[in-house]
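2 protein chains.
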Amino acid sequence: MSTCPIDTRVIRPIRFLAGQCQMLDQRLLPAEEVWHSYTTYQEIAEAISTMVVRGAPAIGVAAAIGAWFGARDIETESSWDFYQEFEKICAVLVATRPTAVNLSWALERMKHFAESNLDRSVLELKIGLEYEALAITQEDEKINRMMGQHGEPLLVDGARVLTHCNAGALATAGYGTALGVIRAAVEAGKNISVIADETRPFLQGARLTAWELQRENIPVTLICDNMAGYLMSKGEIDCVIVGADRIAANGDVANKIGTYTVAVLAKEHNIPFYVAAPVSTIDLSLNDGSLIPIEERDEREITHIKDIQLAPKGISVRNPAFDVTPSRLITAIITEHGIVTGDYRAGLDQIVKHR
Amino acid sequence: MSTCPIDTRVIRPIRFLAGQCQMLDQRLLPAEEVWHSYTTYQEIAEAISTMVVRGAPAIGVAAAIGAWFGARDIETESSWDFYQEFEKICAVLVATRPTAVNLSWALERMKHFAESNLDRSVLELKIGLEYEALAITQEDEKINRMMGQHGEPLLVDGARVLTHCNAGALATAGYGTALGVIRAAVEAGKNISVIADETRPFLQGARLTAWELQRENIPVTLICDNMAGYLMSKGEIDCVIVGADRIAANGDVANKIGTYTVAVLAKEHNIPFYVAAPVSTIDLSLNDGSLIPIEERDEREITHIKDIQLAPKGISVRNPAFDVTPSRLITAIITEHGIVTGDYRAGLDQIVKHR
């Protein structure tokens, strides 16, 4: 198991080169592997909102790097003035996408560092924020590997595992959450095959999950989102594992649109439904999932594929990017600190406060 | 309510001109309205298998026309030889698509006519088969209007109705089955708004249902298939109405892939789930839905949109074109002879034998 950051066989969608942050453009996969270089927080904010980088943990990492780059460019000798400016930069970054809480979690961690060190010089703050951003990046992959170790016993040898969207290396700093659990099961010597929902409209399953797993020779079969029920009814799916964008205190999970439908289908067929997510995804400030803000994205994501028009001009469209799966439909939540099941409110509270 | 066949405002995907059959190429909608002319049964078989024309009732009509064209070109004076040839032509046509039973229903009706009139001359048989094919075409629209009359009381004023795939005028000779019920409710003065699943991979909802309804100013909102559950959970859908490709004796319904998922979601949210289909869709020879053959179509329908590659090269794909919704999830089946609910086996038997 190599964790060497220059091993190009390992998929890491965010990398550093000569003081710049490079991100793999996930909008262009699998046809093209294009890396963009960023040096300012504005560029990184744009990369997050336009989904060059996506996936709850990955946008948390990207936001931390954006905050670091923003901090680097603040011109003042006053730590107090520095902090005022830094807060504004974080406010721009946090507004890029509303649903995934990892974004605000990472920025809160960056702000907390700065706020706790206002007695230091601006130079020291800048160095400290760089260190913090790099720590968030490195920890993310380590967390995913821990999550994999906790979760992989849930996948039996021979399991046919359905996943939705991409909760893989591409959605994180590396290794992945849901796909991390699958990777860990494969590394443990189990035969695992994956059924990937294509995940309209952005096609993260077809474009990203299929690409990631194919690259690592993990057997993967692509289906349209509306085919999961058919395969379940035929007994061709043994369990479901997905990531999460935000988990409320009661265990309700916001994740990519369509996750709720998969969970309802899993319940109908008595198939276990697992969520894999870092503790940073848990938002104890929200009593339940109804309070999680759901982003609605541009109509064009649905009406067009590149320049091809799929629907009549002027058609009315709804494009919610996420939905909420109530905890009653969730068999277990896998985190880096262990598995929560049953009484989610108590279990999540315990796991967050003891992290 | 105009039924004039030359009223071009009315959508009819199959029309006749100068002894040729013209079909609207449904693969090119909504971007282009292209009509192809056919004069041989081989051309019509190709149009059915490549989905120039699709929709269970429409392919039944198309097959009848194909059989008529095939009959027209048989060169013999012997009625018995004629019938031998005609059977071969029907065998080619019935093999074009396996799931919709309307195809074999229409061809059985054509064969039955010929077989019952073998004492007639070949010329009389040809004239009779032309008459029969035109009757099947004209009856189909009339049947849909009857279905609309029976079904429209199920839709209350203000109803927000989800539909999947296209069970509209484009799926029939005209007026539609599921969309026929919606049209009838609108004609009865009710405000009805439609939520259309885009229906991957062929996008019948985005391309055809949206186009049809927009053209008639019936309010329609397009969503991805994986968004229906979200809208139901928000209380934004009042009922579901879909068409059918084959209905088994116990009321299990084969319809476009994804229909089963919508039915499971409707049950989870206590939303009525209606099926609208002509009696020709009912196949009493099959005890239940597990016996209905499910067509698996080409991988490219999923991996590409025109020439744009959506998934990595060499990816494994499943592409079942239909699924089966068990009758326990169906609130009512609407036919031209009335509504069946509750004991489907008895109700369908009754309605088929009294048609």
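Line order of the protein sequences matches chains A and B.
Taking this note's numbering, I'd label the letters of the first sequence as residues 3 to 357.
Taking this note's numbering, I'd label the letters of the second sequence as residues 3 to 357.
In this text, a Cβ means the ideal position worked out from N, Cα and C, and glycines have one as well.
Practice problem: Report the three-state DSSP secondary structure of Q24/A (helix, strand or coil). | Solution: Here residue 24/A refers to the residue found at position 22 of the first sequence. If DSSP states are grouped into helix, strand and coil, Q24/A belongs with the strands.
Self-check item: Closest by C-alpha distance to H356/A, when choosing among H339/A, R56/A, G160/A, T179/A
Solution: The count along the first sequence starts at 1 and reaches residue 356/A at position 354. Looking at the Cα atoms, H339/A is the closest of the given residues.
Self-check item: Selection from T283/A, D290/A, T343/A that minimises the alpha carbon distance to P274/A
Solution: Here residue 274/A corresponds to residue number 272 of the first sequence, with the count starting at 1. The alpha carbon of P274/A has as its nearest neighbour, out of T283/A, D290/A, T343/A, the alpha carbon of T343/A.
Exercise. Report yes or no: do the region 185-196 of chain B and the region 150-169 of chain B share at least 3 C-beta pairs separated by less than 8 Å?
Key: Look at the beta carbons and you see the region 185-196 of chain B touching the region 150-169 of chain B: at least three pairs across the two are nearer than 8 Å.
Quiz item: Is there at least one Cβ from chain A nearer than 8 Å to I13/B's Cβ?
Solution: To locate residue 13/B, count along the second sequence from 1; it is residue 11. For I13/B, the answer is no, since every Cβ of chain A falls outside 8 Å of its Cβ.
Exercise. Would you mind telling me which residues of chain B sit closer than 9 Å to E200/A, beta carbon to beta carbon, in chain order?
Key: Mapped onto the first sequence, residue 200/A falls at position 198. Neighbours of E200/A on chain B, chain order: R202, P203, I304, L312, A313.
Exercise. Go through its chain and collect everything with a Cβ distance to G130/A's Cβ below 8 Å, but skip five positions before and after it.
Key: Residue 130/A sits at position 128 when you count from the first residue of the first sequence. Non-local C-beta neighbours of G130/A in its own chain, meaning closer than 8 Å and more than five positions away in sequence, comprise F115, A116, N119, R122, ordered along the chain.
Exercise. Report yes if the CB atom of A195/B is closer than 8 Å to the CB atom of L127/B, and no otherwise.
Key: Reading the second sequence from its first residue, position 193 is the one you call residue 195/B. Reading the second sequence from its first residue, position 125 is the one you call residue 127/B. The sequence given here has Ser at residue 195/B, not Ala. For S195/B and L127/B, no; Cβs fall outside 8 Å.
Quiz item: Between D290/A and the rest of its own chain, which residues show a CB-CB distance below 6 Å, the 5 nearest in sequence each way excluded?
Solution: On the first sequence, position 288 is the one that residue 290/A refers to. A250, N252, D254.
Exercise. Compute the Euclidean distance between the alpha carbons of I307/A and M53/B, then round it to the nearest angstrom.
Key: Within the first sequence, numbered from 1, the residue matching residue 307/A stands at position 305. Within the second sequence, numbered from 1, the residue matching residue 53/B stands at position 51. Using only the alpha carbons, I get a separation of about 21 Å.
Quiz item: Listed from N- to C-terminal order along the chain, which residues in the region 208-220 of chain B have their beta-carbon within a distance smaller than 7 Å of any beta-carbon of chain A?
Solution: Correct list: A208, R209, A212, W213, Q216.
Exercise. Could you name the residues of the same chain whose beta carbon sits closer than 7 Å to that of W213/A, not counting the 5 residues immediately before and after it, in chain order?
Key: Along the first sequence, read from residue 1 onward, the residue named residue 213/A stands at position 211. Here W213/A has L31, P32 as same chain residues with Cβ atoms under 7 Å from its own Cβ, once five neighbours each way along the sequence are excluded.
Quiz item: How would you write the range of the alpha helix (DSSP H) that T263/B sits in, first residue to last?
Solution: Within the second sequence, residue 263/B is the residue found at index 261, counting from 1. Counting along the chain, the alpha helix (DSSP H) containing T263/B begins and ends at 261-270.
Quiz item: Between A65/A and the ligand SAH, is the CB less than 7 Å from at least one heavy atom?
Solution: As far as ligands go, the structure on display features none, and thus does not contain the ligand SAH.
Exercise. Show which residues of chain B have a CB atom less than 7 Å away from the CB atom of N228/A.
Key: Translated into positions along the first sequence, residue 228/A becomes position 226. Chain-order list of chain B residues neighbouring N228/A: R202, D227, I259, G260, T263, by C-beta distance under 7 Å.
Quiz item: Quick check: the region 160-173 of chain B against the region 44-60 of chain B, are there 3 or more CB pairs under 8 Å?
Solution: In short, these stretches touch, since the Cβ pair count reaches three.
Self-check item: Members of the region 229-254 of chain B that neighbour chain A once the beta carbon cut-off is set at 8 Å
Solution: Here the close residues are M229, A230, G231, Y232, L233, S235.
Quiz prompt | Coil, strand or helix - N321/B by DSSP | solution = By 1-based counting over the second sequence, the position of residue 321/B is 319. N321/B: coil per DSSP, three-state reduction.
Exercise. Just mark W70/B as buried or exposed, buried being the case when its beta carbon has 16 or more other beta carbons within 10 Å.
Key: For the purposes of this step, residue 70/B is taken as residue 68 along the second sequence, with counting starting at 1. Around the CB of W70/B, 16 or more other CB atoms lie within 10 Å, so the residue is classed as buried.
Quiz prompt | T305/B to Q86/B span [Cα, whole Å] | solution = Counting from 1 along the second sequence, the entry for residue 305/B is found at position 303. Counting from 1 along the second sequence, the entry for residue 86/B is found at position 84. If I take the Cα positions, the gap works out to 42 Å.
Quiz item: Closest Cβ-Cβ distance between I184/B and chain A: below 8 Å?
Solution: Locating residue 184/B in the second sequence gives position 182, where the first residue counts as 1. In terms of beta-carbon proximity, I184/B stays away from the interface with chain A, with every pair separated by 8 Å or more.
Practice problem: Name the residue from D75/A, A230/A, G207/A whose alpha carbon lies nearest to the alpha carbon of Q28/A. | Solution: In the first sequence, counting from the first residue as 1, residue 28/A sits at position 26. Per the C-alpha coordinates, the member of D75/A, A230/A, G207/A positioned closest to Q28/A is G207/A.
Quiz item: Who are the Cβ neighbours of D142/B in its own chain at under 6 Å, not counting the five residues just before and after it?
Solution: Locating residue 142/B in the second sequence gives position 140, where the first residue counts as 1. P59, V63, T174, A175, listed in sequence order.
Practice problem: Determine the contact status of R417/A and A323/A, defining contact as a CB-CB distance below 8 Å. | Solution: What the structure shows of chain A is the stretch from 3 to 357, and residue 417/A is not part of that stretch, so it cannot be assessed.
Quiz item: Smallest Cα separation from D285/B: which of P15/B, V158/B, V103/B?
Solution: Along the second sequence, one-based indexing puts residue 285/B at 283. For the residues P15/B, V158/B, V103/B, the minimum Cα distance to D285/B belongs to V103/B.
Practice problem: Kindly list the residues whose CB is nearer than 6 Å to the CB of S282/A, restricted to its own chain and excluding five residues on each side of it in sequence; keep chain order. | Solution: Numbered from 1 along the first sequence, position 280 holds the residue referred to as residue 282/A. So the qualifying residues of the chain are N104, W107.
Quiz item: For V342/A, does the three-state DSSP call read helix, strand or coil?
Solution: Position 340 of the first sequence, counted from the first residue, corresponds to residue 342/A. DSSP places V342/A in strand when its eight states are reduced to three.
Quiz item: In terms of residue numbering, what span does the beta strand (DSSP E) encompassing F275/A cover?
Solution: Indexing the first sequence from 1 puts residue 275/A at position 273. Here the beta strand (DSSP E) through F275/A covers 275-278.
Exercise. Kindly indicate which residue of T78/A, F88/A, S287/A has the alpha-carbon position closest to the one of G68/A.
Key: Here residue 68/A refers to the residue found at position 66 when the first sequence is read from its first residue. Check the Cα spacing between G68/A and each of T78/A, F88/A, S287/A: the tightest is with F88/A.
Quiz item: Would DSSP call V36/B helix, strand or coil?
Solution: Here residue 36/B is taken as the residue at index 34 of the second sequence, counted from 1. Of the three classes helix, strand and coil, the one that applies to V36/B here is coil, per DSSP.
Exercise. Classify S292/A as helix, strand or coil using the three-state DSSP reduction.
Key: Indexing the first sequence from 1 puts residue 292/A at position 290. Looking at S292/A - three-state DSSP - the assignment turns out to be helix.
Quiz item: Around the Cβ of F18/A, are there at least 16 other Cβ atoms within 10 angstroms (buried) or fewer (exposed)?
Solution: The residue given as residue 18/A occupies position 16 in the first sequence. Counting the other CB atoms within 10 Å of its CB gives F18/A a total below 16, which places it among the exposed residues.
Quiz item: Start and end of the alpha helix (DSSP H) containing F18/A?
Solution: Position 16 of the first sequence, counted from the start, is the residue given in the question as residue 18/A. Here F18/A belongs to no alpha helix (DSSP H); instead the beta strand (DSSP E) covers 16-19.
Quiz prompt | Coil, strand or helix - V94/B by DSSP | solution = Position 92 of the second sequence, counting from 1, holds the residue named residue 94/B. Correct three-state label for V94/B: helix.
Quiz item: Nearest-angstrom Cα distance between I280/B and I145/B?
Solution: Counting from one through the second sequence, the residue named residue 280/B turns up at place 278. Counting from one through the second sequence, the residue named residue 145/B turns up at place 143. As written in the sequence, residue 280/B is Pro, which differs from the Ile given in the question. One C-alpha to the other measures close to 7 Å.
Practice problem: Inspect the beta-carbon positions of L312/B and R209/A and report whether they are closer than 8 Å. | Solution: As a first step, residue 312/B is located in the second sequence; it is residue number 310 there, counting from the start. As a first step, residue 209/A is located in the first sequence; it is residue number 207 there, counting from the start. Contact: yes.
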